[in-house]
Amino acid sequence: MKNKGMLLEKIINKTIDFYWKNKIAYIEKKQIPIKFVDITKNGEKKNVSKAYLSGKSTVDYIGCYKGIFVCFEAKTCNEDNFYLANIQKHQLEYLRIIKQSGGESFIVLFFSHNNTFWKVGLEFIEKAIKEGKKHISYNDVKSNCLYLELEFPGLLSFL
Numbered sequence: 004m005k006n007k008g009m010l011l012e013k014i015i016n017k018t019i020d021f022y023w024k025n026k027i028a029y030i031e032k033k034q035i036p037i038k039f040v041d042i043t044k045n046g047e048k049k050n051v052s053k054a055y056l057s058g059k060s061t062v063d064y065i066g067c068y069k070g071i072f073v074c075f076e077a078k079t080c081n082e083d084n085f086y087l088a089n090i091q092k093h094q095l096e097y098l099r100i101i102k103q104s105g106g107e108s109f110i111v112l113f114f115s116h117n118n119t120f121w122k123v124g125l126e127f128i129e130k131a132i133k134e135g136k137k138h139i140s141y142n143d144v145k146s147n148c149l150y151l152e153l154e155f156p157g158l159l160s161f162l
């Protein structure tokens, strides 16, 4: 299922590159915090033989659009239900903090089994959690969230 997530990431990365080149927005993919411990040099090449995660990452993407800080997660679901446990607690907390500070927080959700993309607002996620739901259904998303059309040449208009 990793390839399904890679498709969404490629589309988002292509979109943010388009935004940057056309001065629409600056969005960047956050890197996983990795600490390299054991690095050996072999001629001109360096080999990493030991590394570990040095901390928790926040969200997948951050940036600025029209003077507003934007952060979002990219998630792929291959069935009719998106399980809320797929959003880590520290990620949800980060989304909340940004929203409370006047920024925009959301999830770009790709239902791979029917090739649809959705902008899922933080409020919708929090309501589901407050109601004790373990997942949100495709129909709930369809009724309450913004459909994102994949536009030529492979861009998603999520801002």
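If you count by the numbering used here, then the sequence shown holds residues 4 to 162, one letter each, in order.
We put the beta carbon where it would ideally sit given N, CA and C, even for glycine.
No experiment lies behind these values; they were computed from the predicted model shown.
In the three-state reduction of the DSSP assignment, lysine 33 falls in the coil class, being assigned neither a helical nor a strand state.
Excluding sequence positions up to five before and after lysine 49, its CB lies within less than 8 Å of the CB of Ile42 and Thr43, all in the same chain and listed in chain order. Within the segment 98-145, the complete beta strand (DSSP E) runs of at least 3 residues fall at 107-114, 119-124 and 138-140.
If you draw a straight line from the Cα of alanine 77 to the Cα of phenylalanine 85, it is about 12 Å long. Between lysine 32 and aspartate 63, the CB-CB gap stays under 8 Å.
If you compare the alpha carbons of Phe114, Ser115 and Ile71 with that of isoleucine 101, the shortest gap goes to Ile71. Looking only at Ile90, Thr61, Leu149 and Tyr68, the smallest Cα-Cα distance to asparagine 25 is reached by Tyr68. It is roughly 13 Å from the alpha-carbon of proline 156 to the alpha-carbon of asparagine 16. Non-local C-beta neighbours of glutamine 94 in its own chain, meaning closer than 7 Å and more than five positions away in sequence, comprise Thr61, Val62 and Glu76, ordered along the chain. When DSSP states are grouped into helix, strand and coil, threonine 18 belongs to the helix group. The three-state secondary structure of lysine 44, taken from DSSP, is strand. For cysteine 67, the uninterrupted beta strand (DSSP E) segment begins and ends at 64-68.
Under the DSSP assignment, lysine 78 falls in the beta strand (DSSP E) whose first and last residues are 71-80.
Per DSSP, asparagine 89 has no beta-bridge partner at all.
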